[in-house]
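Asker: In mature numbering (1 follows the signal peptide of the UniProt record, and there is no 0), the protein residues as written are -24 to -1, 1 to 413.
Sharing a structure with you now.
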Amino acid sequence: MKLYKYLYKCVFALVLLTCFVACLEELDIDTLGDTSASDLLVVEAVLTDELKTQTVFLSRSDSRLDLETDTIYNPYLTPGATPYDSVTVESAATVKLLGTDGSEVMFTEGEPGKYYSNTPFALAMGTQYQLDITTSSGDGYLSDPIEVVGTAGITDVYAERMINDIGVEGVAIYVDSEPLSGDSQYYRFAYDETYKIEAPLWNPYDFKLTNYDNTTSPPTYNLEIVEREVQNKICYNTVSSNSINVLSVAGNSSANINRHLVRFISRENFIIAQRYSILVKQFVESQDANSYFEILKDFSQSESLFSQVQTGPIYSNVYRKDGAEESVLGYVEAVGATEQRLFFNYEDFFPDEEKPSYAFDYDCGFETALLYNPEPPPACPQGLLDRIEANIVTYYSEYEESLVPDASCPGPYVFVPKLCGDCTLLGANVVPDFWEE
């Protein structure tokens, strides 16, 4: 699913371009041909030489705007906390991987559009594989033969304080690598980053509102201050990389990789304010796969849909079994994979310096309000009971004037926005298995 956003951009760009065909030079994208840009099968699979449960993603292209994730901005939804993309999935397909060594691995749909191998397996060098797909409508698809062409080992993942090319100071994360076997000239890098979140105005107690009826005047309710039943002071959030990072060492004097930039994080980004971890993933891939992702990267990152960047055809290596002319999006690849994890704290690079602002630069402050506004309503903010019912605030303390000196309608309690007193809006309160303090 991670690469769907790039495929979606490409398809949607082409739809818009056709609307202005009279004004623009023709854009030659051979993959689409005369087929509609919507409802194309999208196949994504990165199969590795790691012994694990492998995954295949099947979906359908869609020419609509993605109203859930592309056109509505909600500053209080943290990356990774909600579904990555709203995708029209392809369900109820039969998926299997066939090897020239006679192997056959079946995949079962575990989540909508996500097909998991029935048993863990690792691709073997020297064996070619083809992904075989039959959709619920009976259409059959087959990938070009793929194979692991080489392997390489990560020798180091490290971070350094730096100022980037546009003058932003932050932390750069680099990877060093060396080839191990086969043809290790073409690479792609990805990562999963996990960061620790601490709610800045957390309190071990919270409001408990029951029997609330605001249809009466005055409203009826039962409000208690109770000890929290859930730990929501410290949380963790994991986000996968959403950009394409490819590298070729073909023609270089050395096949080793030194100081390849994987990630740059501004020092103002709150994700490094506490403790941060990154799992760097390295894939040794074929030249064809590397070219595919390079083209996809160039197309998706072009500054304008109308810039006429002639990147050539976006080639998919999946085709109809019966020879029917039908465009398929996506790519199936076999890679030699390895990964390495790094941890660091903000103080490791910025000792005795002010930490970044909280999430989204949100100004976490203290508030107070009347429990409810009497009738006729005075010029007061929304009553506290309505805010508790809406689940947008958390308890901080009994009323204390020093905390809210400018309050116009003070009430019996001081409270804070939930974002500032409950970290579960930004992550999970379960410590990841790999986490190290």
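Note that CB positions come from ideal geometry on N, CA and C, so glycine has one too.
Nothing here was measured: the structure is a model prediction, and the numbers come from that model.
Could you tell me which residues DSSP puts in a beta bridge with ALA404?
Answerer: Answer by DSSP bridge pairing, in chain order: TYR212.
Asker: Could you give the C-beta distance for VAL151 and SER242, rounded to a whole number, given that I count them as a contact under 8 Å?
Answerer: Their Cβ separation, rounded to whole angstroms, is 20 Å, which puts VAL151 and SER242 out of contact at 8 Å.
Asker: Between PRO96, TYR372, GLY359, GLU200, which lies nearest to CYS396 when the distance is taken from Cα to Cα?
Answerer: It is TYR372 whose Cα lies nearest to the Cα of CYS396.
Asker: With 16 as the cutoff for other CB atoms within 10 Å, does TYR252 come out buried or exposed?
Answerer: Classification of TYR252: buried, given that the 10 Å Cβ count is 16 or more.
Asker: Going by the DSSP bridge assignment, what does SER253 pair with across the sheet?
Answerer: Answer by DSSP bridge pairing, in chain order: THR170, PHE319.
Asker: In or out: GLY359 buried (at least 16 other Cβ within 10 Å) or exposed?
Answerer: Buried, since its Cβ has 16 or more Cβ neighbours within 10 Å.
Asker: Please classify PHE183: does DSSP put it in a helix, a strand, or coil?
Answerer: Here PHE183 sits in strand by DSSP.
Asker: Could you name the residues of the same chain whose beta carbon sits closer than 6 Å to that of LEU73, not counting the 5 residues immediately before and after it, in chain order?
Answerer: Contacts found: VAL81, TYR105, LEU107.
Asker: Buried or exposed: which applies to ILE142, given that a residue is buried once 16 or more other Cβ atoms fall within 10 Å of its Cβ?
Answerer: Exposed.
Asker: Mapping DSSP to helix, strand and coil, what is ILE364?
Answerer: ILE364: helix per DSSP, three-state reduction.
Asker: Could you please give me the residues that DSSP links to ASN221 through a beta bridge?
Answerer: The partner list for ASN221 (beta bridge, DSSP) reads PHE165.
Asker: Do you know how far the Cα of SER79 is from the Cα of ASP120?
Answerer: Computed Cα separation, rounded: 17 Å.
Asker: Look up GLU154 in the DSSP assignment and say whether it is helix, strand or coil.
Answerer: GLU154 falls in the strand class under three-state DSSP.
Asker: So, helix, strand or coil for LEU272, using DSSP?
Answerer: Note: LEU272 maps to helix in three-state DSSP.
Asker: Using three-state DSSP, classify GLN30 as helix, strand or coil.
Answerer: Coil.
Asker: May I have the straight-line CA-CA distance separating PHE165 from VAL238, to the nearest angstrom?
Answerer: Taking the straight line joining both Cα atoms gives about 7 Å.
Asker: Assuming PHE183 contacts LYS90 under a Cβ cut-off of 8 Å, what Cβ separation, rounded to an integer in Å, is found between them?
Answerer: At roughly 39 Å, the Cβ-Cβ gap does not stay under 8 Å, so PHE183 and LYS90 are not in contact.
Asker: So LYS72 is in the beta strand (DSSP E); what residue range does that whole segment cover?
Answerer: First-last of the beta strand (DSSP E) with LYS72: 70 to 75.
Asker: Run through DSSP, which three-state label would LYS297 get?
Answerer: Residue state, collapsed to three classes: coil.
Asker: Alpha carbon to alpha carbon, how far is ALA335 from GLU413? Give it in angstroms, no decimals.
Answerer: Cα-Cα distance, rounded: 21 Å.
Asker: Can you round the beta-carbon distance between SER93 and TYR167 to whole angstroms, since I take them to be within the 8 Å contact cut?
Answerer: The pair is not a contact, with the Cβ atoms about 23 Å apart (cut-off 8 Å).
Asker: Does the beta-carbon distance from ALA345 to CYS356 come in below 8 Å?
Answerer: Yes.
Asker: When we look at the beta-carbon of ASN234 and count the other beta-carbons within 10 Å, is it buried (16 or more) or exposed?
Answerer: Exposed is the call here.
Asker: Between the alpha carbons of GLU309 and VAL215, how many angstroms are there, rounded?
Answerer: GLU309 and VAL215: Cα-Cα distance of roughly 23 Å.
Asker: Can you tell which of GLY227, ILE210, PHE391, GLY146 has its C-alpha closest to the C-alpha of PRO332?
Answerer: Ranking the options by Cα distance to PRO332, first place goes to GLY146.
Asker: Is the beta carbon of ALA128 closer than 8 Å to that of GLN258?
Answerer: Going by C-beta atoms, GLN258 is nearer than 8 Å to ALA128.
Asker: Can you check DSSP and say which residues form a bridge with VAL392?
Answerer: THR370, per the DSSP bridge assignment.
Asker: Hey, quick one: how far does the beta strand (DSSP E) through MET138 stretch, first residue to last?
Answerer: Its beta strand (DSSP E) spans residues 126 to 139.
Asker: With a Cβ-Cβ cutoff of 8 Å, do GLY312 and VAL260 count as a contact?
Answerer: It is a contact, given that the beta carbons lie within the stated cut-off.
Asker: When DSSP builds the beta bridges, which residues end up paired with ALA21?
Answerer: Answer is VAL32, VAL308.
Asker: Which residue from PRO96, THR70, GLU123 puts its Cα closest to that of SER112?
Answerer: Taking only the C-alpha atoms, the option nearest SER112 is THR70.
Asker: In whole angstroms, what is the alpha-carbon distance linking ASP4 and VAL19?
Answerer: Any answer about ASP4 is weak, because its pLDDT of 46 lies below 50 and its placement is not dependable; what the coordinates show is given next. Going by the C-alpha atoms only, they are around 22 Å apart.
Asker: Can you tell me the Cβ-Cβ gap for ASN221 and ALA175, rounded? I've got them flagged as a contact below 8 Å.
Answerer: Going by Cβ atoms, the distance from ASN221 to ALA175 rounds to 33 Å, so no, they are not a contact pair.
Asker: Buried or exposed: ALA68, going by 16 or more other Cβ atoms within 10 Å of its Cβ?
Answerer: Exposed is the call here.
Asker: Which residues in the same chain have their Cβ closer than 6 Å to the Cβ of GLY75, if we skip the five residues on either side of it in sequence?
Answerer: THR103, TYR105.
Asker: Report buried or exposed for VAL406, applying the criterion of at least 16 other Cβ atoms within 10 angstroms of its Cβ.
Answerer: So VAL406 ends up on the exposed side.
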